[in-house]
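Down below is the structure, laid out as structure tokens.
4 protein chains.
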Amino acid sequence: MNVDEKYFKNISNRERALFEGAITMGALFHQFIGTPVNLESVSELERSIKTAMELQPCIERVDIEIDRRILEETKSEFNYVSLSGEMIKVEVLSIYKGKKAVLIIEYIKELNYPLMYVKKIDE
Amino acid sequence: MNVDEKYFKNISNRERALFEGAITMGALFHQFIGTPVNLESVSELERSIKTAMELQPCIERVDIEIDRRILEETKSEFNYVSLSGEMIKVEVLSIYKGKKAVLIIEYIKELNYPLMYVKKIDE
Amino acid sequence: MNVDEKYFKNISNRERALFEGAITMGALFHQFIGTPVNLESVSELERSIKTAMELQPCIERVDIEIDRRILEETKSEFNYVSLSGEMIKVEVLSIYKGKKAVLIIEYIKELNYPLMYVKKIDE
Amino acid sequence: MNVDEKYFKNISNRERALFEGAITMGALFHQFIGTPVNLESVSELERSIKTAMELQPCIERVDIEIDRRILEETKSEFNYVSLSGEMIKVEVLSIYKGKKAVLIIEYIKELNYPLMYVKKIDE
Chain R
1 MNVDEKYFKN ISNRERALFE GAITMGALFH QFIGTPVNLE SVSELERSIK TAMELQPCIE
61 RVDIEIDRRI LEETKSEFNY VSLSGEMIKV EVLSIYKGKK AVLIIEYIKE LNYPLMYVKK
121 IDE
Chain S
124 MNVDEKYFKN ISNRERALFE GAITMGALFH QFIGTPVNLE SVSELERSIK TAMELQPCIE
184 RVDIEIDRRI LEETKSEFNY VSLSGEMIKV EVLSIYKGKK AVLIIEYIKE LNYPLMYVKK
244 IDE
Chain Y
247 MNVDEKYFKN ISNRERALFE GAITMGALFH QFIGTPVNLE SVSELERSIK TAMELQPCIE
307 RVDIEIDRRI LEETKSEFNY VSLSGEMIKV EVLSIYKGKK AVLIIEYIKE LNYPLMYVKK
367 IDE
Chain B
370 MNVDEKYFKN ISNRERALFE GAITMGALFH QFIGTPVNLE SVSELERSIK TAMELQPCIE
430 RVDIEIDRRI LEETKSEFNY VSLSGEMIKV EVLSIYKGKK AVLIIEYIKE LNYPLMYVKK
490 IDE
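Residue numbers (my numbering), protein chains in the order written: chain R, 1 to 123; chain S, 124 to 246; chain Y, 247 to 369; chain B, 370 to 492.
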């Protein structure tokens, strides 16, 4: 089966890159929020999130940074916290037939919200 | 802050609808896969998934159908199963400034994969 | 197969009730943390969490209360938040062969932690 | 605050080990089921699950094995799958004041269920 022909002929190549990148952002957030994490485990968790999310269609690269300062400031009596939206900054590079989209997850204080937005996209 | 001006001026209205709908599909899948479910609880779970996902930006309507036949066929000795990608069919209607996108999650047997695709999108 | 004979003969009836209740608390927390929620959707989400978790072995009753005040205070520009450990109070009643355990998930400010503990357990 | 005095004086040391281990099994399952995984990423994911879950109270060691054969057999057209209960075998060592509990998550074909049970527990 030609998946692209059958399911995606109603959007452009640029839009396909956008579409797949957006799915990956929603997936990443809702899969990993809640995971126990602290300063000792954080690099391991970042690597694992990156590796898992790079498996998805069109996803060329995922970079995630978990805020070490927040980890320290919010840690409980038991020396870890649950990963939350305030702690993560993510950049997703999605490519379809040469068209690139760079998408971001970033907590915006003014909005009190982990915003997902488009940083750059090919014409 | 004008979020649209600041973060989304590099994509069209149609693309914004596509973008927000795609995020919601990734989010829905990775938030709820794994939830215990059986024939008695399935309607409740469908309603709750619908209600939760309709909170997200630009999401006008989410319809989800969990396959009752698969629930019955796969149920364990303990009379329930974990929700999986094979069981769900989802339709998301996303609208931004009048531009509509209808997106689908559907398990495609030939691909052995819960495909997310674009059913209809305004010009 | 007699599951109890084969897999659980090394613990008492009271311990089995404790064991199954504890599994359900860990499951509930890590399945639903991150779910979008606001004042309009909160009752629906509570019902759905209750119904899903009551499917698990030995679980007689799950009561969950999501804190409406925190929902209001922490809501984002987009009028909802991700469910977090600070917001939930849960009581799980687990029974095995007449032995009851009542278990609690409760955010304890002094610990900065959603503590899971034993409220009452039969001798 | 003395957490043990305040919240756990109604259970024995052996029961506390059992309790904390059971929470961790429920948490592990419902946090990570659904994660994208294939043969290339599986070791990374195993390490990350281990590291995250070993942060929880009383958890001395978590060993997880994701079944490579199932990964290969069930992979989609897109060369990965969502982690499911059929794929995992987990052993959790929980210790409280010298009392050890060894707990297992294992998919039991006859039950069609990822059973959580007690392998060994100190008197």
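Using N, Cα and C, we set each Cβ at its ideal position, and we do this for glycine too.
Item, Value
"Exposed unless 16 or more other CB atoms sit within 10 angstroms - verdict on Gly21 (chain R)", "buried"
"Environment of Glu292 (chain Y) [buried if 16+ CB atoms lie within 10 Å]", "buried"
"Beta-ladder partner(s) of Glu73 (chain S), from DSSP", "Outside the shown range of chain S, which is 124 to 246, sits residue 73 (chain S), and nothing can be said about it."
"Alpha-carbon spacing of Ser412 (chain B) relative to Val406 (chain B), whole angstroms", "10 Å"
"Expected contact under 8 Å - CB spacing of Tyr359 (chain Y) and Ser76 (chain R) to nearest Å", "4 Å"
"Glu434 (chain B) beta carbon less than 9 Å from that of Val459 (chain B)", "yes"
"Amino acids of chain B, ordered along the chain, whose beta-carbon sits closer than 8 Å to that of Ile269 (chain Y)", "Ala391, Ile392, Met394, Gly395 and Met485"
"CB contact check: Arg61 (chain R) to chain B, cutoff 9 Å", "no"
"Integer-rounded CB distance, given that Arg192 (chain S) should sit under 8 Å from Leu162 (chain S)", "The pair is not a contact, with the Cβ atoms about 10 Å apart (cut-off 8 Å)."
"Chain S within 9 Å of Glu46 (chain R), Cβ atoms only", "no"
"Per-residue burial, Ser135 (chain S) [other beta carbons within 10 Å of its own, 16 or more giving buried]", "exposed"
"Listed by chain order, chain B residues near Phe78 (chain R) by CB distance under 7 Å", "Pro426"
"Chain-ordered chain B contacts of Glu356 (chain Y) [CB-CB under 8 Å]", "Met370"
"Outcome for Gly344 (chain Y) when other beta-carbon atoms lying within 10 angstroms are tallied against a minimum of 16", "exposed"
"Proximity below 9 Å, CB of Tyr96 (chain R) to CB of Ala27 (chain R)", "no"
"Beta-carbon contacts of Thr24 (chain R) that lie in its chain and below 6 Å, excluding the five residues immediately before and after", "Met53, Gln56, Ile59 and Val92"
"Test: Ile351 (chain Y) CB closer than 9 Å to a CB of chain R", "no"
"DSSP three-state assignment for Met116 (chain R), whether helix, strand or coil", "strand"
"Expected contact under 8 Å - CB spacing of Leu238 (chain S) and Tyr7 (chain R) to nearest Å", "7 Å"
"Residue nearest to Lys489 (chain B) in terms of C-alpha spacing, selected from B:Ala470, B:Ile474 and B:Tyr476", "B:Ala470"
"Bridge-paired residues (DSSP) for Lys223 (chain S)", "S:Ile218"
"Rounded distance between the beta-carbons of Ser294 (chain Y) and Ser207 (chain S), thought under 8 Å", "Not a contact, Cβ separation roughly 18 Å."
"Status (buried if at least 16 other CB within 10 Å, exposed otherwise) for Arg430 (chain B)", "exposed"
"Spatial neighbours of Glu229 (chain S) in its chain, beta-carbon cut-off 8 Å, leaving aside the 5 residues before and after", "Lys212, Val213, Pro237, Leu238 and Tyr240"
"Cα-Cα separation, Arg137 (chain S) to Phe19 (chain R)", "12 Å"
"Host alpha helix (DSSP H) of Asn13 (chain R) (start-end)", "Asn13 to Phe32"
"Inter-residue Cα distance where the pair is Phe278 (chain Y) and Met124 (chain S)", "31 Å"
"Chain-ordered neighbours of Glu300 (chain Y) on chain B, where CB pairs are closer than 8 Å", "Ordered by position in chain B, no residue passes the 8 Å Cβ test against Glu300 (chain Y), which lies about 14 Å from the chain."
"CB contact below 9 Å: Phe142 (chain S) versus chain B", "no"
"Nearest candidate by alpha-carbon position, reference Ser410 (chain B), set B:Lys419, B:Thr443, B:Tyr449 and B:Glu442", "B:Tyr449"
"Run of the alpha helix (DSSP H) containing Met422 (chain B), from where it starts to where it stops", "Val411 to Met422"
"Neighbour list for Tyr96 (chain R) in chain S, Cβ cutoff strictly below 8 Å", "Within chain S, no residue comes near Tyr96 (chain R); the closest Cβ sits about 13 Å away, beyond 8 Å."
"Length of the line joining the Cα atoms of Leu71 (chain R) and His153 (chain S)", "24 Å"
"Span separating the alpha-carbon of Asp309 (chain Y) from that of Met333 (chain Y)", "14 Å"
"Collapsed DSSP secondary structure at Tyr476 (chain B) in the structure displayed", "strand"
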